[in-house]
Amino acid sequence: MDGTATGFGQTQGEGMSGTLVFGEEFDTFNAYSRTDRWRTSYEWGPDVPINGETGYYVDTENAGRSGPAGATNPFSTANGVLTITARPQAGLPNGQTYASGVISTMDSFERTYGYFEVRAQMPGGNGFWPAFWLMRADHVWPPELDVMEYASRLPNEYATALHWTSPTDGGYAYTGRTNGGLPSLSGGFHTYGVDWQKDALTWYFDGKAVYSAPTPADMHGPMYMLLNQAVGGGSWIGPPDGSTQAYSIDYVRVYDSRPVSTPQPPICDVGIVVSAHGTPYNGIKPHFNLLVDGVKIGEGRADATTADFAFTAALAAGTTHKVQVQYDNDSGPRDLYVDSIAINGRSFAATDAVMTYDKGALDGRDVVAGQSGLWWNGTLVATLPDSVFPSAPPPPSAGPSSIVVSASGSAAAGVFAHFKLLIDGAAVGEATTAAEARDFVFTPTVALAQGHKVQVQFDNDAYINGQDRNLFVHKVTIGDRIVLPSDPTVVYDKGALDGRDVVAGKSEMWWSGTLVVNADESYFPVSPSGAAYQHEFEVGHDVANWGMS
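Anchor point for the sequence shown: position 442 equals 521 in this note's numbering, and the numbering is continuous, going up by one each time.
Rendered as structure tokens:
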């Protein structure tokens with residue numbers, strides 16, 4: 080089977096290179112003829128309602144031979160983007176009210192392990208449920224691997240999920256999380272990926288890890304990919320609002336492992352000072368070029384009096400370099416004398432062990448020990464270890480910080496509690512809660528190594544027809560430290576955020592106001608890489624089941 084890799088059993092780091100093994104850029108897409116990789120149907124058919132969905136998956140590949148007459152083609156391409164459009168349509172079977180689409184690589188591309196990524200823009204409206212997910216090639220369910228699924232009524236979050244069979248009792252098992260506090264996912268394209276390896280799975284959003292889980296025992300065989308736009312389906316998705324909505328897909332790519340660019344050393348400005356003098360001849364002073372690793376940085380002309388010639392070079396930090404003084408206008412008694420070469424104030428004499436003198440051309444053929452007097456054209460070479468050059472630039476003054484708000488809410492008139500996350504009074508994200516507790520993940524950029532006020536602002540309190548809308552904050556996690564609402568560093572500023580009606584912190588927010596965490600500088604450390612420490616959290620909210628039971 081073309082593209083199948085059933086025997087791929089390496090763990091991450093065992094010779095993997097991030098090699099592309101499947102790439103679809105959607106420059107073309109023939110919806111009326113099965114391509115060598117995509118089919119436009121589920122294995123169980125288009126008119127088998129699952130998960131309470133109200134959408135019908137139009138199998139354009141079998142147009143005229145199956146499905147309702149006149150079903151609208153949901154697929155279109157333009158500028159390298161495939162769009163799956165969900166439209167209201169009459170005359171569909173089983174009371175389904177929308178025509179939509181699914182594409183899958185069943186029977187064409189299946190793989191065990193790898194990094195799977197889609198770049199896509201989510202639909203707007205309410206009641207639409209696009210997803211990117213993987214199913215077992217042998218059609219056994221579970222397991223199921225949900226890279227991304229999105230409820231359009233919650234535009235600032237999406238869910239990742241994993242379904243498997245418990246090895247202890249043979250029952251169904253599930254884990255996953257909600258990734259919240261994001262920009263509107265219907266407002267632009269983002270990447271959604273999962274790195275599935277032998278021991279662990281790691282999900283990514285726009286290149287950043289957002290969740291990880293151990294690889295289940297029943298997820299070590301080939302799986303195929305599906306991308307679809309479901310319509311309706313349970314309380315999380317809600318009913319469709321009657322609008323026409325598009326799920327736009329820029330590309331789908333699969334690598335043998337997550338491609339990671341080789342880290343490049345930071346570039347730092349290095350001060351180089353050549354202390355030299357010379358013997359002029361015929362009114363012409365000795366001339367030299369300063370090179371680093373064979374690349375010219377500058378030049379100078381020496382006189383009878385010793386002088387310091389200062390240069391600045393942008394060099395890779397923590398790396399060995401050759402600093403070279405190349406004398407190039409020898410004639411008669413004209414000579415150049417190099418007393419020392421200093422790097423960022425650290426001086427090396429011309430006769431030190433790190434010095435050599437490459438006479439004539441800089442070709443390594445006529446090399447002797449370093450010396451001060453250059454009596455003929457040639458190059459004094461200082462081969463300096465990485466310790467001579469700064470190992471890293473100074474840490475940044477600002478960087479990303481991981482903040483997770485664990486919260487739930489109650490609804491009034493069908494609308495749940497909404498909150499904004501603020502840092503020192505500036506909004507950095509927002510989220511809408513549900514009846515069950517969820518972890519809402521935010522990654523604001525903050526000033527590091529200093530304290531901040533982390534503020535959860537409840538802003539839509541209401542009491543409607545006997546229904547009381549409230550917000551419940553269970554904990555706030557900053558980096559890897561958990562803060563409870565009742566901790567002494569937390570206060571509740573009721574009403575406007577003005578410091579006038581402030582009480583001790585509490586989980587239950589019965590009226591609009593702001594829960595304020597007074598976090599000192601220890602909550603925002605600078606890691607060795609210059610970024611704030613990150614922390615992975617436990618399972619988020621339960622999401623509806625995609626698989627066939």
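Note that the Cβ used here is the ideal one computed from N, Cα and C, for glycine as well.
All of these numbers come straight from a predicted model, not from anything done at the bench.
Nearest-angstrom Cα separation, counted from residue j out to residue i
i: G317; j: F468; result: 60 Å
i: R144; j: A210; result: At R144 the pLDDT is 42, less than 50, meaning the model places this residue with poor confidence; the figure from the coordinates comes in the next sentence. Those two C-alpha atoms are separated by around 27 Å.
i: N258; j: A292; result: 15 Å
i: T593; j: V581; result: 9 Å
i: D186; j: E600; result: 55 Å
i: A150; j: G174; result: 14 Å
i: I502; j: F603; result: 12 Å
i: D559; j: S481; result: 8 Å
i: N235; j: Y229; result: 9 Å
i: Q529; j: T511; result: 29 Å
i: D518; j: L550; result: 14 Å
i: V331; j: L306; result: 10 Å
i: Y121; j: S183; result: 8 Å
i: A448; j: C347; result: 30 Å
i: D407; j: A396; result: 29 Å
i: T522; j: P479; result: 6 Å
i: Y334; j: T191; result: 11 Å
i: V446; j: L280; result: 55 Å
i: W455; j: R413; result: 9 Å
i: G313; j: G204; result: 16 Å
i: G134; j: W315; result: 16 Å
i: Y271; j: T254; result: 18 Å
i: V555; j: P564; result: 8 Å
i: F108; j: V181; result: 13 Å
i: P607; j: S466; result: Residue confidence is low: P607 scores 37 on pLDDT, short of 50, so the model does not pin down where it sits. Its coordinate-derived value is still stated next. Distance between the alpha carbons of P607 and S466: 18 Å.
i: N130; j: W208; result: 11 Å
i: M227; j: G443; result: 58 Å
i: L264; j: Q308; result: 15 Å
i: T524; j: A506; result: 12 Å
Which of helix, strand or coil DSSP assigns to residue i
i: D297; result: coil
i: E196; result: strand
i: G250; result: coil
i: V37; result: Nothing can be reported for residue 37, as the shown portion of the chain is limited to 80 through 628.
i: L99; result: strand
i: S601; result: helix
i: N368; result: strand
i: P172; result: helix
i: S314; result: helix
i: T139; result: helix
i: V289; result: strand
i: V433; result: coil
i: W208; result: strand
i: W282; result: strand
i: T391; result: strand
i: G131; result: coil
i: D274; result: strand
i: F108; result: coil
Residue i vs residue j beta-carbon contact at 9 Å
i: P319; j: P167; result: yes
i: D418; j: A432; result: no
i: S179; j: V310; result: yes
i: A490; j: A514; result: yes
i: F195; j: V273; result: yes
i: G373; j: K401; result: yes
i: Y303; j: L161; result: no
i: A296; j: P246; result: yes
i: L527; j: V460; result: no
i: A583; j: V569; result: yes
i: L463; j: Y436; result: no
i: V552; j: A598; result: no
Integer Cβ distance of residue i from residue j, believed to fall under 8 Å
i: T239; j: W275; result: So it is not a contact: roughly 12 Å between Cβ atoms.
i: A381; j: H356; result: 5 Å
i: F498; j: D547; result: Rounded, the Cβ-Cβ distance is 16 Å, inconsistent with contact.
i: A199; j: T323; result: That belief does not hold up - the Cβ atoms of A199 and T323 are roughly 18 Å apart, past 8 Å.
i: D268; j: D329; result: Before going further, note that residue 268 is Phe rather than Asp in the sequence given. 6 Å between Cβ atoms; contact.
i: L500; j: G260; result: 6 Å
i: E189; j: A169; result: At roughly 37 Å, the Cβ-Cβ gap does not stay under 8 Å, so E189 and A169 are not in contact.
i: F154; j: T139; result: 6 Å
i: G159; j: E104; result: 6 Å
Residue i - partner residues in DSSP beta bridges
i: N423; result: The partner list for N423 (beta bridge, DSSP) is empty, contrary to what the question assumes.
i: S183; result: R118, L305
i: M201; result: None, per the DSSP bridge assignment.
i: N258; result: Y237
i: H553; result: For H553, which the question treats as bridged, DSSP gives no partner whatsoever.
i: Q405; result: N368, T458
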